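Numbering (the numbering used here), first residue to last: 3 to 163.
From the three backbone atoms N, C-alpha and C, an ideal C-beta is built for every residue, glycine too.
Computed from a predicted model, the values in this text were never measured in an experiment.
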């Protein structure tokens with residue numbers, strides 16, 4: 003059984019890691035996220051470790067951490083979303099689609115308009131404009147003030163005329 007002390011240490015190292023990441027000290031953040039995970043592994047810690055790796059351009063390591071997070075908590079949508087972003091950064095938009103769809107369906111994920119917006123961008127680049135508009139509109143249903151989606155819908159409507 004886990005002791006309260008281990009959980010407390012895990013939380014302490016996570017907070018240190020997060021602060022280091024905010025301060026641009028990525029290597030320190032990575033070390034502290036790893037220490038946090040050794041004390042008590044959580045989906046959030048693995049996902050944030052993945053994000054730290056991504057800041058160094060280490061997308062394969064980032065994806066690996068997010069997949070570990072998914073095994074710990076399949077409802078933690080940040081992991082799915084982040085994998086989608088990393089795949090986009092690696093130049094694999096088609097592989098990113100299913101990850102954004104999973105993020106949008108995850109119970110423990112906010113803001114859900116982001117995956118829909120990114121799906122719209124993918125389909126826009128594939129010249130599937132009606133599908134792009136569909137996803138941009140889904141993003142706007144969830145956040146009517148999201149300007150990138152508003153602008154994308156206007157752009158798509160212009161292209162269709």
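Legend entry - Of the residues 111, 22, 12, the one placed nearest residue 42, counting alpha carbons only: For the purposes of this step, residue 42 is identified with residue 40 of the chain shown, where counting begins at 1. If we check each option's Cα against that of residue 42, 12 comes out closest.
Closer than 6 Å by C-beta to residue 77: which residues in its own chain qualify, once you throw out the five before and the five after it? Chain order, please.
-> Taking the first residue of the chain shown as position 1, residue 77 is located at position 75. Correct list, in chain order: 108, 109, 110.
Item checked: alpha helix (DSSP H) segment containing residue 102, residue limits -> Counting from one through the chain shown, the residue named residue 102 turns up at place 100. Run containing residue 102: 95 to 107, per the alpha helix (DSSP H) assignment.
So, does the CB of residue 76 fall closer than 7 Å to a CB anywhere in chain C? Given the protein chain composition of this structure (a single chain), no chain C is represented.
Residue 33 - DSSP class collapsed to helix/strand/coil: In the chain shown, counting from the first residue as 1, residue 33 sits at position 31. Of the three classes helix, strand and coil, the one that applies to residue 33 here is helix, per DSSP.
Original post:
Between residue 156 and residue 83, what straight-line distance do the alpha-carbon atoms span, to the nearest angstrom?
Top reply: Residue mapping note: residue 156 aligns to position 154 of the chain shown, counting from 1. Residue mapping note: residue 83 aligns to position 81 of the chain shown, counting from 1. In a straight line, the C-alpha of residue 156 is about 25 Å away from that of residue 83.
Checklist entry - Would you report the Cα separation of residue 16 and residue 68, rounded to the nearest angstrom? => result Sequence index remark: in the chain shown, residue 16 carries index 14 (1-based). Sequence index remark: in the chain shown, residue 68 carries index 66 (1-based). Taking the straight line from one Cα to the other gives about 16 Å.
Please go through the same chain and pick out, in chain order, the residues whose beta-carbon is closer than 7 Å to the beta-carbon of residue 80, but skip the five residues on each side of it. In the chain shown, counting from the first residue as 1, residue 80 sits at position 78. 49, 111, listed in sequence order.
Measure the alpha-carbon distance for residue 158 versus residue 135 and round it to whole angstroms. Here residue 158 is taken as the residue at index 156 of the chain shown, counted from 1. Here residue 135 is taken as the residue at index 133 of the chain shown, counted from 1. Those two C-alpha atoms are separated by around 7 Å.
Report task. Could you pull the start and end residues of the alpha helix (DSSP H) that residue 10 belongs to? Result -> As a working mapping, residue 10 is identified with position 8 in the chain shown. 6 to 24 is the extent of the alpha helix (DSSP H) around residue 10.
Query raised in the report: What's the call for residue 120, buried or exposed, on a 16-neighbour Cβ count within 10 Å?
Result: Taking the first residue of the chain shown as position 1, residue 120 is located at position 118. Classification of residue 120: buried, given that the 10 Å Cβ count is 16 or more.
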